[in-house]
Structures are given as structure tokens and as C-alpha cells.
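**Student:** This structure is in C-alpha cells; I'll ask about it shortly.
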Amino acid sequence: VDKVRHVGDCVAVVIANTKYAAADALDAIEVDYEPLPAVVDMEAALKQGSPAVHDAADGSLGTNRCYDFPLKPTGEGSFEAAVKAAGDNAVVVKRRFINQRIIAGFMEPRAVVASPMGMSNEMTVWSATQIPHVLRVLLALVTGLPENSLRIIAPDVGGGFGGKLQIYREEILAVQIARHLGRPVKWVETRSEDMVASHHGRDQIQDIEIAATKDGKLIGMKVDLLANMGAYLQVITPGIPLLGMFMFPAIYKMDAYEFFCTGVFTNTTPTDAIRGAGRPEATYAIERIMDELAAELGMDPMKLREMNWIKNDEFPYTTVAGLAYDSGNYEAATARALELFGYEELRAEQEARRASNDPVQLGIGISTFTEMCGLAPSRTLGALKYVAGGWEHCTIRALPTGKIELITGTSPHGQGHETAWSQIASSILGVPVDDIEVVHGDTGRAPYGMDTYGSRSLAVGGQAIKKAAERLVEKARIIAAHQLECSPDDLDFIQGEFRVKGDPAKAQPLAAVAFEAFTAHNLPDGVEPTLQAEATVDPNDFSYPHGTHLAAMEVDTETGKVSIRKYVA
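Pasting the structure below:
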């Protein structure tokens, strides 16, 4: 190591037979540090003469400016032009929001075991990761091991939240050390290590301008964003703020939109995807500034939202940021939330408390939002320079005994995928959920997949499961028709069995068809033995779930105590 660039940067590796011996060895290591100037503030990092986190290739001081990304003005043109066109009828509000740095804080810190498999060149790696398939590819590229000699197993992972959507150096080191020693190597992160060595999220400075007419119709928005990259770029670090780029206009109609992002290197832990990955940062900003705009206009913040959001009968709708929303019903969701919340009554109470200078004041918070989910069309990810595509794969096998093996490329870490996947397959195949085994998180048994992140598992992985199950039924239909001596078109598939139309007594259960496919004694011409099907789904677009959150908070202005009065979502 020539230079430590942040607290938590890797300096040395100790290999020992026990963790206690390793701890003693760590205490024995003396590192000769030469203090260097550091910069942790983004705006300071961009100033001329600021300490450079990285040197340029020629040895001279580099720049802390990682990248600039301008989104060309969309809609009616530039923000300034749209405001100018509105003339004296325009009201402009400008605010700066600080989106603080966060950590994943998963229940189970990161851990990895790398085990060479006997005399062969094969290596099995157990990792608490969200991305076993991506990890396999990148480990092969970095270590030089053939991809087909690497088996990655992600067992019951104790939470991820984006913090395990990463290729960490400890995984690479474990593999290389295991290769060198010819024996298994294990590493488990401590909680204190997790705080500084696992990647962080967010950390943005958001300068937002929003304009509206005096009666509340939105004109446009301008976003200048500083995004902290930390000391190093990780798997998708630069792309995280660019996901948010599409979401700042949110559910609202406006005439113009501008976005400019600068990625900045600092002497801090690297950032990457955490809990929504760029999109919640945008929601935070637009909802905050909508409240500020409402205050400037003297309007109820809910009324301002209602008059500017995309109406149900306007879908499909292409936003000023270029996203094609397929559907939405913001009116219905919000109306129900307002009813449950008692919005008008709470607003009246809030006004009364303020008028009487009640020491306990009432605050009301609103968020009406959508989020770009179901990551993602592979071509879109390619255009954003992401490492991989957004497709997903599933294989379903009907075993000779009638049990079902469902092999999926998505792997859960607490979300309950096994239950959902079994239910999808059960609803199509007519097989009890208990008879379905979901295989995931093991590249030896589930060799294809793009893993779990970006709110994609049900939207993309679920589609692949549905498609594979339907294909299996269609193959089974051909075999069943042959057994029942009828046309496949003459069969209904009901509750797990094929029934001849008009003669339901003539039936063949799926389990019997699976056994026939296994024995292959009497299959129709052109049909191969075994009953299985696979499907790969690359989504055409994102999905856009939406919702409304309402919060009533009581604040004791004398003691500072804050209490939740009511929360509806």
C-alpha cells in the first residue's frame, strides 16, 4: 500500500489458524504513517489547490472532480427560458438540501469463505453477498481463475440493503490466499470494520430551483448536484446519482427540467447503492421543495401537489425527464391516505395550536411519490455504463415423483423470495407450495442470473418464473394429449391436471405426465424426455410503484421532545 486514502482503507492482511492469533498478530504490526493533507468536504475538494485524493497518471497532482454529467434541458427548453417566458407570473424558490451519508447496517456483517476443492483448480466461495452471479464473473476476471472453476454460494444472507451489492477486496483476497495456501480461508467482518470498510450511501449536496405560476402551476425545475464518490469508485458508484436524475420531477407535470451532476472524490469511505440507490435522494428533494414552494405561494402543500401531479386518465405519460410511466393512480392512493389520516381535521388543529401559541405544536409531513423500480432494461443500463444487464433467468423442472424444482437467479436476504416464488409457480402448475423447492444463491445449481437489487426480484425474476412455468405446462399439455389420445387444444389444465373438454373424467395429473416424461416409454414424436422449461426475461421498461405517506408530529417547543401523533402510508 503506497497511500491510505480513507479511514478503513486496507493496509495489510494477517493469516492465522485462529481469530485470536490473528488479533495478536494485528497488534504486533506497526505501520509507519506519514500524515498527509486530507479533504472530506466536497466543495473544498473541488477548489484549486485542494489535496488530491488520487494522483494523475503522469505523477502530477490529479483533480478530485470524478465526472460531470449534464442532462440536456428537456421539455420547453432551459429552466431560465421557461421562467423568463412566465414573466411576472413566475415564482421561483431555491433551496439547498444536504442528503446525509448513511450505512446499510445489516444484521449480519460481511463474511467470506474460500475453499480450494482438492487437486483440481476449482474453488468454492461462500459469501454473504447479494450478487453471487456477478461476483463469480468478476472474481474470474480479477483472479484469472476460469469462471467454470468458481462456484459461489450465497447462503441465508442476513440483510443486504445494497451494502452487499458489491465486489469487496476481502472476497478477492480470500480466493487468492486460499489458492496460495491450498486450504480454506475464512474472513468475517466486525461491526466496527463494517462502519468504515463497507461502502456507504447517499452523501449529496442538492441545490434545487423550482418555479411555478402564482396560482401554483409548476413551470420547471433545475438541479445542481454534488455527489460524494468517497475515495474509490465501486461497482456502480458513479451511476447512483444518475438514477436519481430521472426521479427529481417525480409524479409532477412541468414544462422544463435541467440536471447537472458532479461526482467528487474525497478522503472518505466509498459510496454506492444503499436502500433505493439514488432514487430516494431525489424524492427527498422534490418533496421538501414542494413544501417550500407551497409556503412561498401561501397554498396548502397537498393542494399544490394535487393540481400538479399526473392524472390517472393521462397515463401512459412521458415525464419531462424522459421516463415513460405506464400507469398510476395518485388520486386514489392519496384520497384513501387523507381519509385515514383525517387531514382536514389535523390541519384545523394545527392552525388552532399556532394561533394560541400552544407550547406543543403540530407538524404535518407529506410525501406523494413514485420510484423507478424493476431494474432494468439491459440497453438502458448499458447506456448508463453499468457493469451488467438487467435480465433474469428461471428453470423449472417437474421431477419424476411430481415434485417441482424451481431454479432462480435471484437470491433473497430476508425478503421472503422462496415463499413468493413458490406461490407464483403453484398458481400456474397447480402443485402445492410444499412440493416446490426453490433453488437460489448457488452458481453450481443455479448457473444463470443477475441477482437481487434495485427492487427487481418480483418485477423481473417473478416474470421469468411465470414464463418458465407456463412453458412447462405447454410441454406437459403435448405429452398429456398423446397419453389421452386427443388434441392438445382439447385439454383444459385445472388444479394441476389435464382434463379432456366435455369429458372431465378423462384426465392426467401433472405428476403422471412428469413420470411419463422421465420414463420416455410413450412420448409423442419430436418431444424430448424430461419435463422442464426455462425462461429469460429482459424487461422492456422499469416499473413505477407509487404511494402516499402522511405524518403528524407533536413538537414540545419548550423541551424539544418530538412524538409521532399519527402516521398513514
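Residue 5 is where the sequence shown starts when you use the numbering used here, and the numbers rise one by one after that.
C-beta: ideal position from N, C-alpha, C; glycine also.
Quick test of your reading: serine 54 and valine 43, contact by CB under 8 Å. State the CB separation rounded to the nearest angstrom.
**Tutor:** That belief holds up - the Cβ atoms of serine 54 and valine 43 are roughly 5 Å apart, short of 8 Å.
**Student:** So proline 416 packs on threonine 456, CB below 8 Å; how close in whole Å?
**Tutor:** So it is a contact: roughly 7 Å between Cβ atoms.
**Student:** Among the candidates Gly466, Lys307 and Gly326, whose CA atom is the shortest distance from the CA of glutamate 335?
**Tutor:** Measuring from the Cα of glutamate 335, the nearest candidate turns out to be Lys307.
**Student:** For arginine 206, count the other beta carbons within 10 Å of its own beta carbon; 16 or more makes it buried, fewer makes it exposed. Which is it?
**Tutor:** That one is buried.
**Student:** Within 10 angstroms of the Cβ of arginine 155, are there 16 or more other Cβ atoms? Answer buried if so, exposed if not.
**Tutor:** Buried, since its Cβ has 16 or more Cβ neighbours within 10 Å.
**Student:** Roughly how many angstroms separate the alpha carbons of valine 15 and serine 202, rounded to a whole number?
**Tutor:** Their Cα atoms are separated by approximately 15 Å.
**Student:** Excluding five sequence neighbours on each side, which residues of the same chain lie with their C-beta closer than 7 Å to the C-beta of alanine 281?
**Tutor:** Excluding residues within five positions, the ones whose Cβ falls inside 7 Å are Gly166, Ile244, Leu247 and Gly458.
**Student:** Please state whether the Cβ-Cβ distance between methionine 557 and glycine 418 is less than 7 Å.
**Tutor:** Taking 7 Å as the Cβ cut-off, methionine 557 and glycine 418 do not qualify as a contacting pair.
**Student:** Suppose you measure from the CA of aspartate 92 to the CA of arginine 9; what does that come to, to the nearest Å?
**Tutor:** So the two alpha carbons sit approximately 51 Å from each other.
**Student:** Which residue comes first and which comes last in the alpha helix (DSSP H) that contains phenylalanine 345?
**Tutor:** Here the alpha helix (DSSP H) through phenylalanine 345 covers 334 to 345.
**Student:** Unbroken alpha helix (DSSP H) runs of length 4 or more, entirely within the region 236 to 279: which are they?
**Tutor:** For the region 236 to 279, whole alpha helix (DSSP H) runs of length 4 or above, ordered along the chain, are 244 to 249.
**Student:** Assign tyrosine 37 to one of two classes, buried (16 or more other C-beta atoms within 10 Å of its C-beta) or exposed (fewer than that).
**Tutor:** Exposed.
**Student:** Which partner residues of serine 371 appear in the DSSP bridge assignment?
**Tutor:** Answer is His553.
**Student:** Could you pull out every residue in the same chain whose Cβ sits closer than 6 Å to the Cβ of alanine 511, ignoring the five residues on either side in sequence?
**Tutor:** Only Glu501 and Arg503 meet the Cβ criterion.
**Student:** Return yes when the Cβ of valine 18 is within less than 7 Å of the Cβ of alanine 26, no when it is not.
**Tutor:** Yes, they are a contact pair.
**Student:** Is threonine 275 closer than 7 Å to threonine 241 when the C-beta atoms are compared?
**Tutor:** Result yes, Cβ atoms of threonine 241 and threonine 275 sit closer than 7 Å.
**Student:** Per DSSP, methionine 540 forms a beta bridge with which residues?
**Tutor:** In the sequence as presented, methionine is not what sits at residue 540; that position holds threonine. Threonine 540 pairs with His397.
**Student:** How about glutamate 396 and glycine 413: are their beta carbons less than 7 Å apart?
**Tutor:** Yes. Within cutoff.
**Student:** Exposed or buried, which one is histidine 204 when buried takes at least 16 other CB atoms within 10 Å?
**Tutor:** Buried, because 16 or more other Cβ atoms sit within 10 Å of the Cβ of histidine 204.
**Student:** Counting Cβ pairs closer than 8 Å, one from the region 70 to 78 and one from the region 137 to 151, do we hit at least three?
**Tutor:** They do not touch, by the three-pair rule.
**Student:** Find out if the Cβ-Cβ distance for the pair cysteine 398, isoleucine 469 is shorter than 7 Å.
**Tutor:** For cysteine 398 and isoleucine 469, yes; Cβs fall inside 7 Å.
**Student:** For proline 120, report the span of its beta strand (DSSP E) as first-last.
**Tutor:** 115 to 120 is the span of the beta strand (DSSP E), which, as asked, contains proline 120.
**Student:** Assuming proline 513 is part of the beta strand (DSSP E), what are its boundary residues?
**Tutor:** Start and end: 507 to 513.
**Student:** Quick one: residues in its chain with C-beta nearer than 8 Å to the C-beta of glycine 346, no 5 flanking neighbours on either side, listed in chain order?
**Tutor:** If we look at glycine 346 and ignore the five residues flanking it on each side, its Cβ neighbours are Lys570.
**Student:** For the candidate residues Asn271, Tyr548, Val391 and Gly551, whose alpha-carbon lies nearest to that of threonine 67?
**Tutor:** When each option's Cα is compared against that of threonine 67, the closest is Asn271.
**Student:** Are alanine 286 and phenylalanine 252 closer than 7 Å when you measure CB to CB?
**Tutor:** Against a cut-off of 7 Å, the Cβ pair of phenylalanine 252 and alanine 286 comes out as a contact.
**Student:** Verify whether the separation of the beta carbon atoms of glutamate 262 and phenylalanine 73 is less than 7 Å.
**Tutor:** For glutamate 262 and phenylalanine 73, no; Cβs fall outside 7 Å.
**Student:** With glycine 466 as the anchor, note down where its alpha helix (DSSP H) starts and where it stops.
**Tutor:** First-last of the alpha helix (DSSP H) with glycine 466: 466 to 488.
**Student:** By Cβ distance, which residues of its chain are closer than 6 Å to tryptophan 191, with the 5 residues on each side in sequence left out?
**Tutor:** Val116, Glu174 and Ala178, listed in sequence order.
**Student:** I need the straight-line Cα distance from valine 324 to aspartate 439, nearest angstrom please.
**Tutor:** Cα to Cα, valine 324 sits roughly 48 Å from aspartate 439.
**Student:** Around the Cβ of isoleucine 102, are there at least 16 other Cβ atoms within 10 angstroms (buried) or fewer (exposed)?
**Tutor:** The residue is exposed, with fewer than 16 neighbouring Cβ atoms inside 10 Å.
**Student:** Return yes when the Cβ of alanine 429 is within less than 7 Å of the Cβ of alanine 473, no when it is not.
**Tutor:** Yes, the Cβ-Cβ distance between alanine 473 and alanine 429 is below 7 Å.
**Student:** For the beta strand (DSSP E) containing asparagine 583, list its first residue and its last residue.
**Tutor:** The structure shown has nothing for residue 583, since the chain only spans 5 to 573.
**Student:** Can you check which of these residues, Ala518, Val268, Lys23 and Phe497, is closest to methionine 233 by C-alpha distance?
**Tutor:** The shortest Cα separation from methionine 233 among Ala518, Val268, Lys23 and Phe497 belongs to Val268.
**Student:** Note down the Cα distance separating serine 461 from leucine 379, rounded to an integer number of angstroms.
**Tutor:** Computed Cα separation, rounded: 9 Å.
**Student:** Using DSSP bridges, identify the partner residues of glycine 224.
**Tutor:** Paired residues: Ala215 and Ala260.
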